[in-house]
Each structure stands twice: as structure tokens, then as C-alpha cells.
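In the working numbering, the protein residues as written are 99 to 369. C-beta: ideal position from N, C-alpha, C; glycine also. Report on the following structure.
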Amino acid sequence: MEGKQERFNGDARILHQRAVRIPLPDDEAERVFHENMRTIAEAHERKADLLADPDVPLLTAYEEEYAHAAESFERRLRQIAGDDYEEVAMAYFRGDRDDRVAKIAAYYVEGGWRVQQWATVTEMVYAPLILRYPDSFTVNVRFAGGYTTSAAIYYESPEHCSEELADEHAETYYEESQYTQRQAAEYARGTADLIREEFLDPDETPFEERKYGGVALAGGRQGSVFSEISKRVAPDPDRFSESVSKPTLVETGPEARRTECELGLEREIVR
């Protein structure tokens with residue numbers, strides 16, 4: 099998704115209080131969904147390895163996380179809107195199209211554009227919400243200016259520190275930063291475990307044990323301080339009264355509003 103900023107200046111209205119709902123009609127769709135979630139879990143494990151390595155700059159782990167998110171959006175875009183997904187999305191933003199596929203393409207293009215910003219611009223939080231229901235799953239892409247929950251883990255990046263420190267203080271600061279990064283690495287591994295627990299393998303788990311699952315993730319940066327949080331989310335069994343046969347844009351459910359409140363995102367969501 100490189101280069102979108104030259105063509106597109108963002109329109110957060112397509113994201114606000116909306117999610118994409120994707121059907122799970124058969125075993126193959128179930129396996130694809132599980133494979134995607136397993137890939138996300140593996141990305142968190144890779145991030146943990148990078149954070150724990152004192153020879154790897156923290157930004158490297160952050161950039162790999164961005165690359166994974168952007169790749170996930172692009173893969174979904176191609177599946178839904180084809181190789182010309184960029185033009186499909188731009189047709190929606192120009193007002194030339196207003197159909198289901200164009201709306202979803204616009205949703206993911208907007209999300210991808212903001213993920214690119216999130217990886218390079220300070221003071222932005224990326225807070226996706228993924229929920230599994232018996233016949234479908236939803237992806238709620240959210241961005242915020244920050245969060246206020248005390249449950250988040252914080253870690254320092256010396257490479258992003260703008261202060262000039264005396265040698266003795268610089269050494270202490272570096273050691274303390276490495277300690278916080280190791281803590282963040284353990285947290286990232288716990289996030290990987292959480293994702294695997296919430297989205298179980300369809301070939302190994304009875305349907306009744308895997309028909310519901312959910313995770314809310316959030317990560318951001320303010321200056322030299324990085325932060326993230328992950329939490330289990332219980333999907334509302336009464337959210338959808340009808341099945342869905344094709345990917346579609348839907349209004350967010352009570353789970354989104356609840357997690358925005360719990361994470362302190364309510365007044366910080368980018369509109």
C-alpha cells in the first residue's frame with residue numbers, strides 16, 4: 099500500500115462505528131480464517147523475539163508489525179475487490195460507486211493508509227477488534243489519538259529519545275529501556291497465546307467450542323514511549339439475527355462500544 103498518501107488524504111467517516119462482516123459458510127472458510135489468525139499470533143511472537151534482542155532497534159519490531167497489518171489488509175482487499183481494489187476504493191471516495199464491494203474496498207484502503215501513518219507518526223493508536231460468531235467474523239478497524247487504561251504495558255526506545263543525557267544517565271536509561279522491552283516481549287508472547295486460545299483450529303476443535311471468540315488489540319507511540327494492550331472480548335450472541343452470504347459493511351456492535359470505554363478510547367477515536 100505504499101504511495102497512497104500522494105493519491106488519498108484520508109476519510110475516517112468510512113471507518114467510524116463500522117466493521118466488515120465476513121461469512122464462514124464451510125470448512126474451507128473456517129480453515130482460512132484460522133490460518134489468518136494463526137499468522138497474526140505468529141507475528142506477535144516474531145515481534146517478541148525482536149523486542150527481546152538488545153541488538154535490534156525497537157523500531158524494527160514496530161515496522162514489521164506495520165508491514166504485517168498492511169499485508170493483511172491488502173490480501174483481504176484482493177479477495178473481495180480484485181487486483182484493481184485501489185480504483186474501486188477511489189471510485190467510492192469520488193462518489194462514483196456506492197455498492198457493497200466499493201464500500202468494503204474503501205474501508206480497507208482507509209485502514210491501510212492509517213496503518214501506514216500509525217507506523218511513522220507519533221501519538222496514534224491502532225486498535226483493531228476481531229470477533230468470531232457461529233457463521234461469520236467481524237473486523238473492526240479503529241484508530242485513536244491515545245488511550246487512558248492503566249492496563250497497558252509501556253516500553254522505551256532510546257533511539258526515539260530527543261533528550262541529551264550525560265553518559266552515566268544515558269547508560270542507566272539504556273539498561274532500563276532494555277528491561278521494559280523484555281517485559282513487552284513477554285507481553286507480546288502472551289498476546290499470541292491469547293489469539294490462539296480465542297480462535298481455535300477447526301480441524302481439532304468441536305464447533306461448539308470455537309463458535310465464539312474475540313480479541314481487542316491496541317498499540318501506539320508517544321515520543322520515545324511505546325505501548326500496547328490486548329484483551330479477550332466476549333462476542334454478543336444476539337448481535338446478528340440473520341446469516342450473511344457475502345462480505346458486507348455493518349454497524350459496530352456493543353462489543354466495540356464496550357472496549358472503547360474499557361480502553362479509554364471513547365473520546366480519542368479518530369473521526
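Continuous beta strand (DSSP E) stretch holding residue i: start and end
i            : result
arginine 111 : Element bounds for arginine 111: n/a, residue is neither H nor E.
arginine 330 : 323-330
leucine 347  : 346-349
tyrosine 252 : 251-254
Identified DSSP bridge partners for residue i
i                 : result
valine 223        : Ala242 and Gly318
phenylalanine 235 : Ile120 and Arg230
valine 313        : Ile228 and Arg330
Residue from the options whose Cα sits closest to the Cα of residue i
i              : options                           : result
glycine 180    : Tyr164, Ala204 and Thr246         : Ala204
glutamate 128  : Pro345, Tyr252 and Phe305         : Phe305
arginine 136   : Leu175, Glu208 and Leu298         : Leu298
glutamine 272  : Ala316, Lys344 and Glu257         : First, the residue type needs correcting, since residue 272 is tyrosine and not glutamine in the sequence shown. Ranking Ala316, Lys344 and Glu257 by Cα distance to tyrosine 272 puts Glu257 first.
serine 341     : Gly317, Tyr253 and Tyr231         : Tyr231
alanine 141    : Asp124, Ala159, Gln115 and Glu254 : Ala159
alanine 165    : Arg144, Val130 and Ala264         : Arg144
serine 322     : Glu254, Glu349 and Tyr190         : Glu254
asparagine 134 : His267, Arg337 and Ala290         : Ala290
aspartate 233  : Pro123, Val118, Thr346 and Lys344 : Pro123
valine 219     : Glu169, Glu161, Val313 and Tyr206 : Glu161
leucine 229    : Asn238, Arg287 and Val223         : Asn238
glycine 371    : Glu349, Glu221, Arg240 and His267 : In the structure displayed, the chain extends from 99 to 369; residue 371 sits before or after that span and is not available.
glycine 312    : Glu326, Trp211, Glu295 and Asp182 : Glu295
glutamate 208  : Arg195, His114, His267 and Thr270 : His114
aspartate 125  : Ala316, Arg337, Phe338 and Glu302 : Glu302
glycine 243    : Ser325, Phe338 and Val130         : Ser325
valine 223     : Ala314, Asp336, Phe338 and Val331 : Ala314
lysine 201     : Thr346, Glu307, Glu360 and Ile293 : Thr346
Environment of residue i [buried if 16+ CB atoms lie within 10 Å]
i             : result
alanine 249   : exposed
glutamine 177 : exposed
proline 333   : buried
arginine 277  : Arginine is not the amino acid found at residue 277; the sequence shown has tyrosine there. Tyrosine 277 should be labelled exposed.
arginine 173  : exposed
threonine 236 : buried
glycine 193   : exposed
alanine 110   : exposed
threonine 246 : exposed
tyrosine 190  : buried
alanine 264   : exposed
glutamate 284 : exposed
arginine 119  : buried
alanine 117   : buried
arginine 355  : exposed
glutamate 353 : buried
proline 226   : buried
arginine 198  : exposed
serine 328    : buried
threonine 350 : buried
threonine 357 : buried
serine 275    : buried
Closer than 7 Å: residue i CB and nearest the ligand ATP heavy atom
i           : result
alanine 127 : With respect to the ligand ATP, the structure offers nothing, as it holds no ligand at all.
Span of the alpha helix (DSSP H), counted from its first residue to its last, around residue i
i                 : result
glycine 362       : Segment: none, glycine 362 is in no alpha helix (DSSP H) and carries neither H nor E.
alanine 141       : 125-150
alanine 168       : 156-179
leucine 292       : 265-296
phenylalanine 305 : 305-308
valine 186        : 183-192
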